[in-house]
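Student: One structure, as structure tokens, below. Some questions next.
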Amino acid sequence: MTSIRELAAEPYVSVTTYRRNGAAVATPVWAAPDGEALVIWTPVSAGKVKRIRNNPEVAVRACDVRGNARGEEVGGRAEIMSAEETERVRDLLTRKYGLQARLVILGSRLRRGGAGTVGIRITPAG
């Protein structure tokens, strides 16, 4: 069985969140390991943030950059992180993705400022 921690080692993961009507919405994202959890980073205005606030249950699986899923789906619970924790997520992503992450994070800060993005921690369900 695939674990959340194993998925955090993948280049991209597909995080599925759920609308109020139960419809699943999958999004490919970068992820980094954080203990037994994985963390992702996204704009505060992203639909997945709203959906997680309404329903923290998520599903995660490995995917390619286009979101084509592969491998086993793992259930999890998502938590929106504080501003301080989000800064740590940026550091974790920079360690994993290097220069590419530095450039993406810089561009995001220039467009949205520091408060325009949020970290999300996903822990195993159960």
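Residue 0 is where the sequence shown starts when you use numbering that gives the first Met the number 0, and the numbers rise one by one after that. By construction, the Cβ of each residue, glycine as well, lies at the ideal position given by its N, Cα and C atoms. Keep in mind it's a predicted model, so treat the numbers as computed, not measured.
Return helix, strand or coil for V48, following the three-state DSSP convention.
Tutor: Translated into positions along the sequence shown, residue 48 becomes position 49. Looking at V48 - three-state DSSP - the assignment turns out to be helix.
Student: Quick check on the DSSP output: the alpha helix (DSSP H) that includes R87 runs from which residue to which?
Tutor: Position 88 of the sequence shown, counted from the first residue, corresponds to residue 87. Its alpha helix (DSSP H) spans residues 82-96.
Student: Thinking C-alpha only, which one of G74, P10, P32, G75 is nearest D63?
Tutor: As a working mapping, residue 63 is identified with position 64 in the sequence shown. Measuring from the Cα of D63, the nearest candidate turns out to be P10.
Student: Measuring CA to CA, which of R111, V88, N54, S81 is closest to G75?
Tutor: For this step, residue 75 is matched to residue 76 along the sequence shown. Among R111, V88, N54, S81, the Cα nearest to that of G75 is on N54.
Student: In the DSSP assignment, find the alpha helix (DSSP H) that holds E78 and state where it starts and stops.
Tutor: Position 79 of the sequence shown, counting from 1, holds the residue named residue 78. Careful: E78 lies outside any alpha helix (DSSP H), inside the beta strand (DSSP E) at 68-79.
Student: Could you work out which residue in A58, E78, K49 is closest to R126 when comparing CA atoms only?
Tutor: Not covered by the structure: residue 126. The range shown for the chain is 0 to 125.
Student: Please report how far the alpha carbon of M80 lies from the alpha carbon of A7, in whole angstroms.
Tutor: Here the question's residue 80 lines up with position 81 in the sequence shown. Here the question's residue 7 lines up with position 8 in the sequence shown. Cα-Cα distance, rounded: 17 Å.
Student: Of the choices S13, A22, N20, G125, whose alpha-carbon is the least far from that of V28?
Tutor: As a first step, residue 28 is located in the sequence shown; it is residue number 29 there, counting from the start. When only C-alpha atoms are compared, the closest one is S13.
Student: Which full runs of the alpha helix (DSSP H) of 4+ residues lie inside the stretch 1-65, going along the chain?
Tutor: Within the stretch 1-65, the complete alpha helix (DSSP H) runs of at least 4 residues are 3-7, 46-53.
Student: So, under 8 Å CB-CB, I127 and T16 are touching, yes? Tell me the CB distance rounded to an integer number of Å.
Tutor: The displayed coordinates of the chain run from 0 to 125. Any statement about residue 127 would go beyond what the structure contains.
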